[in-house]
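Let me begin by presenting the structure, written as C-alpha cells, before commenting on it.
Number of protein chains: 2
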Amino acid sequence: MNESTVISEEFFSFLSGKASTAISRRLQRNLKEVKLNITAEQWSILYYLWLEEGLTQQELANFTFRDKPSITRLINNLERLGMVIRVNDKQDRRSNLIYLTKEGRKLRESGMKQASLTIRESLEGVDETDLKIAQEILERVFQNLK
Amino acid sequence: MNESTVISEEFFSFLSGKASTAISRRLQRNLKEVKLNITAEQWSILYYLWLEEGLTQQELANFTFRDKPSITRLINNLERLGMVIRVNDKQDRRSNLIYLTKEGRKLRESGMKQASLTIRESLEGVDETDLKIAQEILERVFQNLK
DNA sequence: ATTGCTTACTTGCATAAACAACCTATAATT
DNA sequence: AATTATAGGTTGTTTATGCAAGTAAGCAAT
C-alpha cells in the first residue's frame, strides 16, 4: 500500500465494521428468540466465564478487547442481573475474581447454541480457506494498530 | 459449515470486530493529531458529505449502516458543532437535505488525509489479493445477515 | 519504613448504539 | 375525496464505548 491509498467504498465498509455489527445484531436477535435477555456484549463476557470461572476483570478485558471501565460496567450490569458475582481475591486484594451464579450457569447451553447458530448463519456459503485468509488479515490489521 | 460449528477463538475475534474497532480508534487518534476534534463516527458522516452534499438522513443511514435515530443524533451533534446544516426539502417536506457549512468543507482535506494515513497503517504488510478475499468474505457475511 | 512505580479497578463525562413508539408528510387504494 | 399504508425523522430508554482522572493495593529498592 503506497502513499496515494484511496478510501474506497470497500475499505469504508471494512472500517465501519459492518460485518461484525451485523453479526452481533443477529446474535442479539437469536438470543432473544430463546428468551435469553442479555446483550451481545454481556454474552461475550459470559462466554469466557462459561469456559473458565474466576477470571479477573483485567483478564476479561484482554480476552474481549475492551478497556477496564467497560468491563467494570458490564460486570456491574451482569451482577445486577444476578448472573455473576465479584469475589475479592484473598491473594491480591486489588483483583476481583468473577464467578457465575447458578443463574449464570444455567444459560450456558442455550447461550452457546444460539451463538453457533449465529455463526452458521453468518458463514453460509463461505469457503473455509477464504475464511482463514480473512481471519489472518483481520488479525494482521489488529496487530498493526494495537 | 455444519451443525456442530464450534465457537473458536478466531471466530470470537471476528464477532467482536476487534479489527474494525482498532481501525476506528486509530482514525480517532490520527484526527486528533491534526487538531481535528471530531469522532470517527462523525467522520464517517462527513466523508459521504465531502463526496456529495444534500444527502437525506435516510441516505446517510444506508451508506453508513446505521439506523435512523443514530443519524438524527449524529447530525444533531454535527449541527451543534457548526459543521453541517439541515435544509428542509421543498419537494418532499418529510426529508432533510444535509449540507456542509464552510467550516465543514474546510475539514475535507485533512480529514481525508488522516483517513488514508489510517488505512496505510492498518494494511501494512497485507497482501492485496488476500485483502480482496477478506473484503469479499465480510461482504458475504453482511449479505447473509442483513 | 519511606519513597516511588506499577497494577487493578472505579468514577465522571461525552458520545454513540439498538429498539420501540411516535408524528407528520407523501403515496396508494378505493 | 377519504382512507389506509408507507416513508422520513424525532424522542425516550437502556446499554455500551473511549478517555482522563482517581483510589487503593502490591512491588522494589533503598
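Chains as they are written, first to last, in the numbering used here: chain A, 1 to 146; chain B, 1001 to 1146.
By construction, the Cβ of each residue, glycine as well, lies at the ideal position given by its N, Cα and C atoms.
In this text the structure is predicted, and so the values were computed from the model without any measurement.
Between the options, which has its C-alpha nearest residue i's C-alpha?
| i | options | result |
| --- | --- | --- |
| arginine 1073 (chain B) | B:Leu1117, B:Ile1045, B:Asn1030, B:Ala1115 | B:Ile1045 |
| valine 34 (chain A) | A:Leu138, A:Glu139, A:Ser20, A:Leu117 | A:Leu117 |
| glutamate 59 (chain A) | A:Trp43, A:Leu78, A:Asn96 | A:Asn96 |
| tyrosine 1047 (chain B) | A:Ile7, A:Thr101, A:Lys113 | A:Ile7 |
| tyrosine 1099 (chain B) | B:Glu1053, B:Glu1009, B:Leu1131 | B:Glu1053 |
| leucine 55 (chain A) | A:Asn77, A:Leu36, A:Gln42, A:Arg86 | A:Arg86 |
| asparagine 1077 (chain B) | B:Ile1038, B:Met1112, B:Leu1049 | B:Ile1038 |
| threonine 101 (chain A) | A:Asn88, A:Ala115, A:Lys32, A:Leu49 | A:Leu49 |
| asparagine 88 (chain A) | A:Gln57, A:Glu139, A:Lys132, A:Met112 | A:Gln57 |
| tryptophan 1043 (chain B) | B:Lys1068, B:Glu1009, B:Gln1114 | B:Gln1114 |
| arginine 140 (chain A) | B:Leu1131, B:Met1112, B:Glu1139 | B:Leu1131 |
Less than 8 Å between the CB of residue i and some heavy atom of the ligand SAH, yes or no?
| i | result |
| --- | --- |
| isoleucine 1007 (chain B) | With respect to the ligand SAH, the structure offers nothing, as it holds no ligand at all. |
Under the rule that 16 or more other beta-carbon atoms within 10 Å means buried, what is residue i, buried or exposed?
| i | result |
| --- | --- |
| glycine 125 (chain A) | exposed |
| threonine 1151 (chain B) | Since the first and last residues shown for chain B are 1001 and 1146, residue 1151 (chain B) lies out of range. |
| serine 4 (chain A) | Below a pLDDT of 50, predicted positions are generally treated as unreliable, and serine 4 (chain A), at 47, falls in that range; no measurement from the model is reported. |
| arginine 66 (chain A) | buried |
| asparagine 2 (chain A) | Confidence in asparagine 2 (chain A) is poor, its pLDDT being 45 and thus under 50, which makes the residue's placement unreliable; the coordinate value appears in the next sentence. By the 10 Å Cβ count, asparagine 2 (chain A) comes out exposed. |
| leucine 1051 (chain B) | exposed |
| asparagine 30 (chain A) | buried |
| methionine 1083 (chain B) | buried |
| glutamate 1128 (chain B) | exposed |
| isoleucine 1075 (chain B) | buried |
| lysine 146 (chain A) | exposed |
| arginine 1093 (chain B) | exposed |
| glutamine 91 (chain A) | exposed |
| arginine 1080 (chain B) | exposed |
| lysine 68 (chain A) | exposed |
List, in order along the chain, the chain A residues whose C-beta lies closer than 7 Å to that of residue i?
| i | result |
| --- | --- |
| lysine 1113 (chain B) | Here the premise fails: no neighbours, minimum Cβ distance about 10 Å. |
| threonine 1064 (chain B) | Ser16 |
| arginine 1026 (chain B) | Leu145 |
| isoleucine 1071 (chain B) | Within 7 Å Cβ-Cβ: nothing; isoleucine 1071 (chain B) doesn't reach chain A, min ~13 Å. |
Report back the beta-carbon spacing between residue i and residue j to the nearest angstrom; my notes put them in contact at under 8 Å.
| i | j | result |
| --- | --- | --- |
| serine 1122 (chain B) | asparagine 144 (chain A) | 6 Å |
| alanine 134 (chain A) | isoleucine 1137 (chain B) | 4 Å |
| alanine 40 (chain A) | glutamine 28 (chain A) | 5 Å |
| phenylalanine 1142 (chain B) | isoleucine 119 (chain A) | The pair is not a contact, with the Cβ atoms about 15 Å apart (cut-off 8 Å). |
What residues from chain B crowd round residue i, counting only those whose CB sits closer than 8 Å?
| i | result |
| --- | --- |
| threonine 21 (chain A) | Gly1017, Phe1065 |
| isoleucine 38 (chain A) | Result: empty, since nearest Cβ-Cβ is about 15 Å, beyond 8 Å. |
| valine 34 (chain A) | Neighbours of valine 34 (chain A) on chain B: none; closest Cβ ~16 Å, over 8 Å. |
Cβ closer than 8 Å: which chain A residues qualify as neighbours of residue i?
| i | result |
| --- | --- |
| leucine 1131 (chain B) | Ile137 |
Listing by chain order, which chain A residues have their CB less than 9 Å from the CB of residue i?
| i | result |
| --- | --- |
| alanine 1061 (chain B) | The premise fails here: alanine 1061 (chain B) is roughly 12 Å from chain A at the closest Cβ pair, so nothing lies under 9 Å. |
| valine 1087 (chain B) | None at all; the shortest Cβ gap to chain A is about 25 Å. |
What does residue i touch in chain B if you count any residue whose Cβ is under 7 Å from its own?
| i | result |
| --- | --- |
| serine 44 (chain A) | Ser1016 |
| valine 84 (chain A) | By Cβ distance, chain B contributes nothing, its closest Cβ being about 19 Å from valine 84 (chain A), past 7 Å. |
What does residue i reach in chain B if we use C-beta pairs closer than 9 Å?
| i | result |
| --- | --- |
| isoleucine 98 (chain A) | Result: empty, since nearest Cβ-Cβ is about 18 Å, beyond 9 Å. |
| isoleucine 75 (chain A) | Correct list: empty, because the minimum Cβ distance to chain B is about 17 Å. |
Do the region 21-37 of chain A and the region 1007-1021 of chain B touch if we need at least three Cβ pairs shorter than 8 Å? The region 21-37 of chain A is in contact with the region 1007-1021 of chain B.
Count the C-beta pairs between the region 101-112 of chain A and the region 1100-1111 of chain B that are closer than 8 Å, then say yes if the count reaches three, no if not. Here the region 101-112 of chain A makes no contact with the region 1100-1111 of chain B; the two share fewer than three CB pairs at distances below 8 Å.
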